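>
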Amino acid sequence: MRMIRRLKWPAMAGLAVLAYLTLRDALPSPSEVWDVIAAADANWLLVAAVFQLLAMAVFARFFRRLLALGGVRVSRPRILAVTFARNAVAGSLPAGPVVSVAYTTQVFTKLGAGKRLIAAVLVLAAAYSGGTFGVLALVALVFSPETRVVTLIAVGGVIAVAVLVFKAGHLLDRVPKVAGQLRATFNTVGGTRRDHLRLAHLALLNWVLDVVSLGAVCVAIEATANPHTVLLGFVAAKTAAALAVVPGGLGVAEVGMAATYIAAGMSGGQAAAVVLLYRLVSYWMNLVLGWIAWILLHDPVRKATIGGLARLGSSLSPYVYDRHPTP
Numbered sequence: 000m001r002m003i004r005r006l007k008w009p010a011m012a013g014l015a016v017l018a019y020l021t022l023r024d025a026l027p028s029p030s031e032v033w034d035v036i037a038a039a040d041a042n043w044l045l046v047a048a049v050f051q052l053l054a055m056a057v058f059a060r061f062f063r064r065l066l067a068l069g070g071v072r073v074s075r076p077r078i079l080a081v082t083f084a085r086n087a088v089a090g091s092l093p094a095g096p097v098v099s100v101a102y103t104t105q106v107f108t109k110l111g112a113g114k115r116l117i118a119a120v121l122v123l124a125a126a127y128s129g130g131t132f133g134v135l136a137l138v139a140l141v142f143s144p145e146t147r148v149v150t151l152i153a154v155g156g157v158i159a160v161a162v163l164v165f166k167a168g169h170l171l172d173r174v175p176k177v178a179g180q181l182r183a184t185f186n187t188v189g190g191t192r193r194d195h196l197r198l199a200h201l202a203l204l205n206w207v208l209d210v211v212s213l214g215a216v217c218v219a220i221e222a223t224a225n226p227h228t229v230l231l232g233f234v235a236a237k238t239a240a241a242l243a244v245v246p247g248g249l250g251v252a253e254v255g256m257a258a259t260y261i262a263a264g265m266s267g268g269q270a271a272a273v274v275l276l277y278r279l280v281s282y283w284m285n286l287v288l289g290w291i292a293w294i295l296l297h298d299p300v301r302k303a304t305i306g307g308l309a310r311l312g313s314s315l316s317p318y319v320y321d322r323h324p325t326p
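When we follow numbering that gives the first Met the number 0, the leftmost residue of the sequence shown carries the number 0, and every step to the right adds one.
(1) Rounding to the nearest angstrom, what Cα-Cα distance links residue 368 and residue 237 in this structure?
(2) Identify, in the order they occur along the chain, each residue of the same chain with its Cβ nearer than 8 Å to the Cβ of residue 106, setting aside the five sequence neighbours on each side.
(3) Just to confirm before moving on: does the CB-CB distance between residue 240 and residue 248 stay below 7 Å?
(4) Once DSSP output is grouped into helix, strand and coil, what is the label at residue 225?
(5) Please list the terminal residues of the continuous alpha helix (DSSP H) segment that includes residue 75.
(6) Helix, strand or coil: which one does DSSP assign to residue 268?
(7) Would you please state the rounded distance, in angstroms, between the beta carbons of residue 47 and residue 216? I believe it to be under 8 Å.
(8) Do the segment 204 to 219 and the segment 278 to 286 touch if we need at least three Cβ pairs shorter than 8 Å?
(9) Give the secondary structure of residue 142 by DSSP, where H, G and I count as helix, E and B as strand, and everything else as coil.
(10) What is the residue span of the alpha helix (DSSP H) that residue 195 lies within?
(11) Helix, strand or coil: how does DSSP classify residue 296 here?
(12) Which value, in whole angstroms, describes the spacing of the CA atoms of residue 92 and residue 98?
(13) Between the alpha carbons of residue 227 and residue 258, how many angstroms are there, rounded?
(14) Please classify residue 288: does DSSP put it in a helix, a strand, or coil?
(15) Please name the residue, chosen from 128, 114, 245, 190, that lies closest to residue 207 on a Cα-to-Cα basis.
(16) Would residue 39 be called buried (16 or more neighbouring beta carbons within 10 Å of its own) or exposed?
(17) Taking the alpha-carbon positions, what's the residue 115 to residue 187 distance?
(18) Helix, strand or coil, according to DSSP, for residue 245 in the structure here?
(19) Contact defined as beta carbons within less than 8 Å: I believe residue 64 pairs with residue 192. What is the distance between those atoms, to the nearest angstrom?
(20) How many Å lie between residue 274 and residue 78 at the Cα?
(21) Relative to the alpha-carbon of residue 138, which residue among 254, 262, 229, 267 has its alpha-carbon at the smallest distance?
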């Protein structure tokens, strides 16, 4: 983990230089970007927002199934609220992912999950989500003529180094311990192989729905991008955001996606519009909904809200009956 943290800054610097070289001659004017946004098809933007909500619902189902395998039953509305809330915490606070883990642990504890089950759920969630994103990234890079050869060489190099290190015996002492930890994690959650294949399917579906949302934004502004280009921009944005030290990858994800699309031949105005509109529905919309969910998950607030709505309904009922008298 320390090595990853140390590599973040050099990686960020490298991405910044690459983005500058890509964008320096293609930066659009604000009016150009606004013209593209103003002409966007609102129906397709609505489709993009719906697919974002579906992606969050699928990830909530992923968590619900994991907890159910461990013996903890959670209602669909509550796990959906928890999923939105933890996403908002992770994407808007300093050290958000760490705070999100602590928050999720607290909420799952209240739902009746033990510490071992919570740890296993969070580890498997990260593993399935990261693994399926890696599959998407590999597909995006291998099917791109510009990156295919480099990607295959890099993958081959990583495999070769891993084999050499393993044969040299450096990992032999750690393998039993790591294998034991993984086995304990799966045993804590339980479930059959089919259950875990289903979990992998849900994790992949979550990413795919997010990509479809981005594609809908591209269609909304009539951007010149094929499905592979859309996927490549998505992978670039998510990778850049993961390397970022700012909450939600703000600024970094946008630059990564815009640079990818401009390099693929999209105009600066279209690329900027796609980035702004996609982040509106994928980041800001989910952020607002997440903090609303966070507030409503607090019992006093939820009870006060329900009580207020009940009182409002009672106060309005006489007017409703007066306007619609019974014959």
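Just so it is clear, CB atoms sit at the ideal spot from N, CA and C, and this is done for glycine as well. Model, not experiment: these values are computed from the prediction.
Quick look at the numbers:
(1) In this structure the chain extends from 0 to 326, so residue 368 is not present and cannot be described.
(2) Locating residue 106 in the sequence shown gives position 107, counting from the first residue. 81, 84, 85, 296, listed in sequence order.
(3) The residue labelled residue 240 in the question sits at position 241 within the sequence shown. The residue labelled residue 248 in the question sits at position 249 within the sequence shown. Cβ distance < 7 Å, so residue 240 and residue 248 count as in contact.
(4) The count along the sequence shown starts at 1 and reaches residue 225 at position 226. In the structure shown, the three-state DSSP call for residue 225 is coil.
(5) Translated into positions along the sequence shown, residue 75 becomes position 76. Its alpha helix (DSSP H) spans residues 75 to 91.
(6) For this step, residue 268 is matched to residue 269 along the sequence shown. The three-state reading of DSSP puts residue 268 in helix, counting H, G and I together.
(7) One-based indexing of the sequence shown puts residue 47 at position 48. One-based indexing of the sequence shown puts residue 216 at position 217. The pair is a contact, with the Cβ atoms about 5 Å apart (cut-off 8 Å).
(8) Verdict: yes, contact present.
(9) Counting from 1 along the sequence shown, the entry for residue 142 is found at position 143. Three-state DSSP puts residue 142 in coil, outside helix and strand.
(10) As a first step, residue 195 is located in the sequence shown; it is residue number 196 there, counting from the start. Run containing residue 195: 192 to 219, per the alpha helix (DSSP H) assignment.
(11) Working through the sequence shown from its first residue, we reach residue 296 at position 297. Note: residue 296 maps to coil in three-state DSSP.
(12) Here residue 92 is taken as the residue at index 93 of the sequence shown, counted from 1. Here residue 98 is taken as the residue at index 99 of the sequence shown, counted from 1. Taking the straight line joining both Cα atoms gives about 8 Å.
(13) Position 228 of the sequence shown holds residue 227. Position 259 of the sequence shown holds residue 258. Rounded to whole angstroms, residue 227 and residue 258 show a C-alpha spacing of 15 Å.
(14) Position 289 of the sequence shown, counted from the first residue, corresponds to residue 288. Here residue 288 sits in helix by DSSP.
(15) The residue given as residue 207 occupies position 208 in the sequence shown. The shortest C-alpha separation from residue 207 is found at 128.
(16) Taking the first residue of the sequence shown as position 1, residue 39 is located at position 40. It is buried - the Cβ of residue 39 has at least 16 other Cβ atoms within 10 Å.
(17) The residue given as residue 115 occupies position 116 in the sequence shown. The residue given as residue 187 occupies position 188 in the sequence shown. In a straight line, the C-alpha of residue 115 is about 7 Å away from that of residue 187.
(18) Here residue 245 corresponds to residue number 246 of the sequence shown, with the count starting at 1. In the three-state reduction of the DSSP assignment, residue 245 falls in the coil class, being assigned neither a helical nor a strand state.
(19) Numbered from its first residue, the sequence shown carries residue 64 at position 65. Numbered from its first residue, the sequence shown carries residue 192 at position 193. Residue 64 to residue 192, Cβ: 14 Å. No contact.
(20) The residue you call residue 274 lines up with position 275 of the sequence shown. The residue you call residue 78 lines up with position 79 of the sequence shown. Cα to Cα, the separation comes out at about 29 Å.
(21) By one-based count along the sequence shown, residue 138 stands at place 139. Of the listed residues, the one whose Cα sits closest to residue 138 is 229.
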